[in-house]
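Here is the structure we will look at.
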Amino acid sequence: MRWTPTVFSNIEELKTELEARHSLWHSLDEWKAKKEVYEKMLWNDIKVDEIKATSDSYQKIANRLMRTLPANPIVEELKELVETFKEAMPIVEACRAPELLPEHWEAINDLIPNGKIDIDREDFTLLSLIELEVNEYQDDIVAISRRAKGEKDLKDKLA
-12 MRWTPTVFSN IEELKTELEA RHSLWHSLDE WKAKKEVYEK MLWNDIKVDE IKATSDSYQK
48 IANRLMRTLP ANPIVEELKE LVETFKEAMP IVEACRAPEL LPEHWEAIND LIPNGKIDID
108 REDFTLLSLI ELEVNEYQDD IVAISRRAKG EKDLKDKLA
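Just so you know, my numbering puts 26 at position 39 of the sequence shown, and the rest follows in order with no gaps.
Here it is as structure tokens:
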């Protein structure tokens, strides 16, 4: 008796999907570990360039997985977690500007309805900033910081 070999026409598709799912779970686990470390960083210890580079890398992974896998809430979770940190970095940079004067801080904090950015507080962390839900005010905060730099430059030129 002769056996006919079974042809698995979709084995490559299954392999690709399995690798993508493995990458998803592995990336989500890694990002959550990094997120925990980043959240605990005190204001002056926040490594903006490191967080930007890492979040860019994980955002690329999430985007690739969104194209590779069918609609998936876990991919959405990864993407959202990464974007929260990625969007906070321009705010951190803007709030670190030495040109910010009390009136600029007042303008920034007037934007935020559920608290204020208090970088002078010893226990102010990246998580403290994120919990204020400042990402939706990113453009305005960056604009205020730019305005403060422009004002400082103008004062320096006039002096």
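Each residue gets a CB set at the ideal place from its N, CA and C atoms; glycine is no exception. All figures in this text were calculated on a predicted structure; none of them were measured in a lab.
So, with DSSP's three-state summary, where would you put residue i?
i           : result
residue 29  : strand
residue 112 : strand
residue 120 : coil
residue -11 : coil
residue 86  : coil
residue 127 : helix
residue 105 : coil
residue -5  : coil
Mind reading off the beta-carbon distance from residue i to residue j? Whole number of angstroms is fine, and I expect it under 8 Å.
i          : j           : result
residue 58 : residue 132 : Wrong, their Cβ atoms sit about 38 Å apart, outside the cutoff.
residue 27 : residue 114 : 7 Å
residue 69 : residue 35  : Their Cβ separation, rounded to whole angstroms, is 15 Å, which puts residue 69 and residue 35 out of contact at 8 Å.
residue 75 : residue 122 : 6 Å
residue 38 : residue 72  : 6 Å
If you drop the 5 nearest sequence neighbours on each side, which residues of the same chain put their C-beta closer than 8 Å to that of residue i?
i          : result
residue 86 : 132, 135, 136, 138 and 139
residue 56 : 4, 7, 8, 11 and 62
In whole angstroms, what is the alpha-carbon distance linking residue i and residue j?
i           : j          : result
residue 97  : residue 6  : 47 Å
residue 112 : residue 29 : 4 Å
residue 109 : residue 33 : 13 Å
residue 52  : residue 1  : 14 Å
Buried or exposed: residue i, going by 16 or more other Cβ atoms within 10 Å of its Cβ?
i           : result
residue -5  : exposed
residue 24  : exposed
residue -10 : exposed
residue -2  : exposed
residue 130 : exposed
residue 13  : exposed
residue 146 : exposed
residue 141 : exposed
Excluding the five sequence neighbours on either side, which residues of its own chain have a C-beta within less than 7 Å of the C-beta of residue i, listed in chain order?
i           : result
residue 102 : 119
residue 41  : 21
residue 88  : 135
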